[in-house]
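Every position in the sequence shown, counted from 1, becomes a number in my numbering once 223 is added. C-beta atoms are modelled at their ideal positions from N, C-alpha and C, and glycine is treated no differently. None of the values given here were measured: they were computed from a predicted structure. A quick write-up on the structure given underneath.
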Amino acid sequence: MTTPNTTLTDTPDTETNTKPSFRNPLDIPITFVAKRIGGSKSKEIERFLRFAVVGVTGAMIDIGLVYVLQATRLPPINQLNVALVNIIAFTCAVISNFIWTRMWVYPESRSKSVRRQLVQFAFISVVGGVGRTTWVMATHMAAGVLLLPLALPFIQLVRRNYVPGPLASQKLGSLASMLVAMVFVMLWNFFANRYWTYNDVT
């Protein structure tokens with residue numbers, strides 16, 4: 224296993240690396256699927272699938288932090304708390320996503336410095352994050368009111384004595400709105416990063 228150069232300098236890497244900085248068990252099925260369905264675009268499909276895996280990992284961090292923060296320090300009792308929770312979770316997910324994207328999705332992208340790529344990646348992520356936070360703040364109340372009655376019977380199958388608390392609909396609505404936003408933000412992040420942050424790869 225080799226360790227990529229992660230020093231935040233303005234000097235691009237001089238080595239040309241065309242393979243991931245490390246291997247993981249998902250490489251084999253991802254490469255197989257990409258070759259089966261991608262044809263001449265198999266490399267781009269492979270990158271997209273890897274980016275999707277990275278996105279799922281980031282989403283787990285994101286959703287996990289939203290759940291924990293709302294259950295502890297920042298319950299969704301007002302718009303400020305909803306925004307703060309989303310900003311904190313989003314920032315942690317972006318850091319994780321950048322590290323994995325550079326090391327695994329685009330390991331051959333080394334003509335730009337880490338600092339420059341981080342700034343570009345962060346800018347794209349912020350644009351997506353602003354859109355996501357705006358969407359969640361605007362829709363989470365209505366989504367919760369709509370979804371809680373539908374979800375309650377399924378919740379009570381697992382927790383028979385469950386009675387929704389005063390913030391149950393807001394919590395459910397916040398998570399549901401965020402899941403919808405994540406799909407669109409992932410697509411935005413992939414294409415914007417592919418053609419700007421990592422436009423030095425072929």
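Buried or exposed (CB count within 10 angstroms, at least 16 for buried), residue i
i	result
Glu267	exposed
Ala287	Here the sequence assigns Gly to residue 287, which means Ala is not the residue at that position. Result: exposed.
Val368	exposed
Trp327	buried
Phe271	buried
Val432	This structure cannot speak to residue 432, because the chain is shown only from 224 to 425.
Gln340	buried
Met179	Outside the modelled stretch of the chain, which goes from 224 to 425, sits residue 179, for which no answer is possible.
Ala399	buried
Assigned secondary structure, residue i (DSSP; H/G/I helix, E/B strand, else coil)
i	result
Thr356	helix
Ser397	helix
Ser332	coil
Tyr418	helix
Leu297	coil
Arg383	coil
Thr425	coil
Arg259	helix
Leu410	helix
Whole-angstrom C-beta distance between residue j and residue i, which should lie under 8 Å
i	j	result
Val277	Trp323	4 Å
Met292	Val308	Per the sequence shown, the amino acid found at residue 292 is Leu instead of Met. Yes, Leu292 and Val308 are in contact; Cβ-Cβ is about 5 Å, under 8 Å.
Gln302	Trp419	Not quite, the Cβ-Cβ distance comes to about 32 Å (not below 8 Å), so this is no contact.
Gln393	Pro299	4 Å
Ala257	Asp285	No, Ala257 and Asp285 are not in contact; Cβ-Cβ is about 26 Å, not under 8 Å.
Quick test of the definition: if touching needs 3 or more C-beta pairs under 8 Å, does the region 303-318 touch the region 344-362? Yes, the region 303-318 touches the region 344-362.
| request: Please determine if the region 371-381 and the region 325-344 are in contact, where contact requires at least 3 C-beta pairs separated by less than 8 Å. | output: Cβ pair count under 8 Å is below three, so no.
**Message:** For the structure I just gave you, are there three or more beta carbon pairs, one from the region 383-399 and one from the region 252-264, closer than 8 Å?
**Reply:** Not touching, per the Cβ criterion.
Report task. Decide yes or no for the touch test of the region 353-363 against the region 394-413: beta carbon pairs closer than 8 Å, at least 3 of them. Result -> With the cut-off at 8 Å, the region 353-363 and the region 394-413 touch.
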